[in-house]
Each structure stands twice: as structure tokens, then as C-alpha cells.
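Shown next, in C-alpha cells, is the structure this report addresses.
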Amino acid sequence: MLKIKEIRLRKKITQNEMVVKTGIPKRSYVDYENEIQDISLERLRKIATALDVSVAELLGEEYYSNTIIEPVVSSRKTKDVFYEQQMVPIFNLEASMGLVPILNGDGIDEEKILDYISIPMMPSCDGAISATGDSMYPLLKAGDLVAYKSIAVERNSIFFGEMYLLAIRVDETTTMKTIKFVHPSELGNEFIKIVSHNQHHAPKDINLNQIVAMGLVRASIRIHN
Numbered sequence: 097m098l099k100i101k102e103i104r105l106r107k108k109i110t111q112n113e114m115v116v117k118t119g120i121p122k123r124s125y126v127d128y129e130n131e132i133q134d135i136s137l138e139r140l141r142k143i144a145t146a147l148d149v150s151v152a153e154l155l156g157e158e159y160y161s162n163t164i165i166e167p168v169v170s171s172r173k174t175k176d177v178f179y180e181q182q183m184v185p186i187f188n189l190e191a192s193m194g195l196v197p198i199l200n201g202d203g204i205d206e207e208k209i210l211d212y213i214s215i216p217m218m219p220s221c222d223g224a225i226s227a228t229g230d231s232m233y234p235l236l237k238a239g240d241l242v243a244y245k246s247i248a249v250e251r252n253s254i255f256f257g258e259m260y261l262l263a264i265r266v267d268e269t270t271t272m273k274t275i276k277f278v279h280p281s282e283l284g285n286e287f288i289k290i291v292s293h294n295q296h297h298a299p300k301d302i303n304l305n306q307i308v309a310m311g312l313v314r315a316s317i318r319i320h321n
């Protein structure tokens, strides 16, 4: 059960004021308060910011009963160590080159952390981001959280056939973040083939030199009202 309405009333803020603060159409905002339609993580963040609370506070105590955590099925023979509980940062990576935002080369940039999510009985994760687009649909939907573990950008570190979060260089200051299956490329060992789950997106060969960072996807998290 979302706590949007309860917190808004406690703070004596009107629905019209929330619409102005968040930029969310009023009909959608009212539906979110009444839990008539699902809400994306991005809009949940906007509402949390407008109410000056965390996303976790909006989700309320019933959060886990409405959250589906899907471990990514792996064909690897190696086994990971599972942690009973871990707090994983949800990153805003739009302005970051890699997958873990570093401040001046020393420690994580706290300003890039949107919130934290508690994940039970999962292998170690370095972070989570919100999925966008439809290239991995229906396996992943826009708004799903994807938890990942960073690995070295080296062929020997890659488990082919697994799902990865990739930061692909666009220019000297920008990378494109994308979630794909990674397979060997017929172009040689310097390349990998990235493949979407949605067959409307064609596979593409990428030179490893174009990849700034990559992370093995550990789990997807979908929030239902």
C-alpha cells in the first residue's frame, strides 16, 4: 500500500500543488494516490521529492508483499555467495561515465544515489538502476529496477550468454547505458555481440574498447501496487 495520500494530507499539501510540483498529469496523480494504476519508479521519485520524503517512506511497510524480486537465471557453473540482507544503492547514472559514480576518484558520489533498496538472499550487488525502453521486454519492463555487480571489461571476465548492464562510450564525456545479453562475436576476440530479448531490436557487434564499464545483472525488481 502506497503512502502518498497519507503523507500529502499530513503535510497539508493539496493535489493541485502536487501536480504543479511533480509535473504529473492530475488524472494520473489521483490514480496513483488511489492505487488504480501502477506507478513508475521515476514518478515515485518525483512525488517523494515533492513531499520531502524517501521513496521507501512512500512504499510503506507493505513494500515487500508488493515487490517481486526475480533472480536472473544463470547457466554459469560457478556458484555465488548469497547474503541474507544487503542495502543496494539506486543510482542516477545519466551524468556518469561508468556504472558506479565516483567523486574525484575517491568514494561514491552520494549525490548520484537516489535511494536504497533492501534485497534479501541475493549475491553481492554494487548498485541498481531503473530500466528504460523495450529492448528486453517482456523480461524487463520500463521502470523495473535492475541490480548488478560490476566486473572488469575483459573477455576473460565475461560469462557469455548472461545479461549485462553496459556503459558504451558515445564520446569523450558521454556513455550510453544499456541492458543486453552478451555473446561471442564472429568479428573476433576484440568484439562482443549484444543481443536484446525483444526480437524487434537487431543484435549488434561492439568493440570491447567502446565499453567503459559493465556489470553482471543479478536480479530484476518490479513494484506492484
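Mapped onto this note's numbering, the consecutive letters of the sequence shown carry residue numbers 97 to 321. All residues carry an ideal CB built from backbone N, CA and C; glycine is no exception. Note that the structure is a prediction, hence the values are computed from the model and not measured.
For the alpha helix (DSSP H) that residue i lies in, which residues bound it at each end?
i    : result
R106 : I100 to R106
V149 : V149 -> no alpha helix (DSSP H), and no H or E assigned at all.
T111 : Looking at the sequence shown, residue 111 is not Thr but Gln. Q111 -> alpha helix (DSSP H) spans Q111 to T118.
V249 : Per DSSP, V249 belongs to no alpha helix (DSSP H) and is neither H nor E.
Y125 : K122 to E129
Report the rounded CA-to-CA distance for residue i versus residue j, giving the unit in angstroms.
i    : j    : result
K101 : V126 : 9 Å
L195 : R106 : 37 Å
L147 : M217 : 32 Å
D134 : L140 : 10 Å
L155 : Y260 : 28 Å
M272 : G119 : 26 Å
D230 : A152 : 26 Å
E138 : T274 : 17 Å
K142 : A263 : 25 Å
F256 : A309 : 16 Å
L235 : K108 : 40 Å
Q295 : M232 : 9 Å
I302 : Q182 : 33 Å
K300 : V291 : 7 Å
V115 : E129 : 12 Å
E113 : E131 : 19 Å
Y159 : H293 : Only weak support is given to the placement of Y159: the predicted model assigns it a pLDDT of 46, under 50, and the value that follows is read from those uncertain coordinates. Cα-Cα distance, rounded: 28 Å.
Y144 : K276 : Note that residue 144 corresponds to Ala in the displayed sequence, not to Tyr. Taking the straight line from one Cα to the other gives about 30 Å.
L189 : A298 : 25 Å
K117 : T269 : 31 Å
D267 : E258 : 27 Å
D240 : S124 : 19 Å
Per DSSP, which residues does residue i bridge with? Please list them.
i    : result
T274 : L262
N303 : F287
Y244 : G223 and V313
F256 : Looking at the DSSP assignment, F256 forms no beta bridge with any residue, so it has no partner.
S214 : M183
I209 : F187
P280 : I288
When you compare the CB positions of residue i and residue j, do they come within less than 8 Å of one another, or not?
i    : j    : result
Y212 : V184 : yes
Q111 : K99  : no
Q306 : R265 : yes
I288 : I317 : no
I215 : A315 : yes
V149 : I103 : yes
E286 : L312 : no
A238 : S136 : yes
### Query
Are there three or more Cβ pairs, one per stretch, closer than 8 Å when the stretch 240-254 is compared with the stretch 218-229?
yes
### Query
Does the count of Cβ pairs from the stretch 207-221 and the stretch 278-290 closer than 8 Å reach three?
no
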